[in-house]
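In our numbering, the protein residues as written are 59 to 319.
Idealized CB from N, CA, C, for every residue including glycine.
Let me begin by presenting the structure, written as C-alpha cells, before commenting on it.
Laid out in C-alpha cells, this is it:
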C-alpha cells in the first residue's frame, strides 16, 4: 500500500470506531442543527491577489516530527496576527500527530476560516468537521469516486462548508471540475513517493477556469517559489513546513506577501 492508501485505510478505521460511540445519524442531526456556514474559506481565497493558507502541523510522513513543542493555539494566533487568509489544521492522528481537539480549539479562538486537513473517506467526517468548527474540508480526488465527490460536495453545500478538492494530475483535475469543484488544489507533493515539484501547479493551472479558485499546495520554501506561483496564476498557496519552522512567522508571511505582488 502507498502511504496515501494507508492514510485512507486508517481514516476508515477511525470513522468505524468513533461511529460506535456517536452514530452517523446523531452526528448528522447535530451538524444540521447548527447555523449554516457562509462559505468563509472560499470567500477568503476569492479576494484579489494571492491568498495564504497557513498550516498547523506537528509532523508529517515525509519529514517526521516537525514541531516537538507544538503550542498550536499560539501558532494559529501568530498566523492570524500575520494576516493569514485561512488556517489549515491537521487532524489526522497517526502520521501527522493531529487531533480534532486542535481544530476545535483553534476554530473557537481565531476569526480566520479553518480547513480540516484530513483524509475524508466518509460523509461522517464532513458532519464531524462542521461540529469541530471548520469552514472547509479537504476532498482528495484519488481517494474518491466521482459520484462520491459530488455527493460529498452536496453535503458541504448543505452545511455551508467549502470543499478544497485536491488533484495530482490532469485526469484528477478534470474529475474535480466535472463534479463541480469551486476550489481546486494541486498538490505539488507526490503522496506515493513524496517527491515535490512546484511545476505540477504550472502544468495543471491552465486546465482550471478563471472562475474556479486555484490553490497550489506544498513545496513552498521561499519568496522565489511564491513569485513563480503568483506569475503562473495561483489564487492561493497552502504553506506548511516552511511556516511551521519559521522563528518569525509574521516576518516570513510578510515577505511572501511582498513576493506575490
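- Contact annotation: residue 144 and residue 168 have beta-carbon atoms that are not nearer than 8 Å.
- DSSP places residue 288 within a helical segment (H, G or I) once states are collapsed to three.
- Between the beta-carbon of residue 115 and that of residue 302 there is about 6 Å, and that keeps the pair under the 8 Å contact cut.
- DSSP places residue 260 in no beta strand (DSSP E) but in the uninterrupted alpha helix (DSSP H) bounded by 257-263.
- A direct Cα-Cα distance of roughly 34 Å separates residue 232 from residue 124.
- Contact annotation: residue 182 and residue 312 have beta-carbon atoms that are not nearer than 8 Å.
- In this structure, residue 230 sits near residue 200, with a CB-CB distance shorter than 8 Å.
- Listed in chain order, the non-local C-beta contacts of residue 209 below 8 Å within the same chain comprise 181, local neighbours out to five positions each way being set aside.
- In the three-state DSSP reduction, residue 142 falls in the coil class, being neither helix nor strand.
- By the criterion of at least three beta-carbon pairs nearer than 8 Å, the region 85-96 is not in contact with the region 268-281.
- Checking the DSSP bridge columns, you'll see residue 155 has no partner listed.
- In the DSSP assignment, residue 95 forms no beta bridge with any residue.
- Residue range 307-318 is occupied by the alpha helix (DSSP H) that includes residue 308.
- 8 Å or more divides the Cβ of residue 246 from the Cβ of residue 220.
- Taking 8 Å as the upper bound for CB-CB distance, residue 292 and residue 108 are in contact here, some 7 Å apart.
- Note that the C-beta distance between residue 192 and residue 214 is not below 8 Å.
- Annotation for residue 187: the continuous alpha helix (DSSP H) segment containing it runs 181-190.
- Short of 7 Å from the beta carbon of residue 99, and not among the five residues preceding or following it, lie these beta carbons of its own chain, in chain order: 144, 171, 173, 193, 194 and 220.
- Rounded to whole angstroms, residue 288 and residue 80 show a C-alpha spacing of 44 Å.
- Setting aside the 5 residues that flank it on each side, residue 259 is surrounded in the same chain by 244, 246, 274, 287, 290 and 292, each with a C-beta closer than 7 Å to its C-beta; the list follows chain order.
- Under a 10 Å Cβ-count criterion, residue 159 is classified as exposed, with fewer than 16 other Cβ atoms of the shown protein chains found around its own Cβ.
- Taking all protein chains shown into account, residue 202 has 16 or more neighbouring C-beta atoms within 10 Å of its C-beta and is therefore buried.
- Counting only residues of its own chain and dropping the five nearest sequence neighbours on each side, residue 238 has a CB closer than 7 Å to the CB of 208 and 211.
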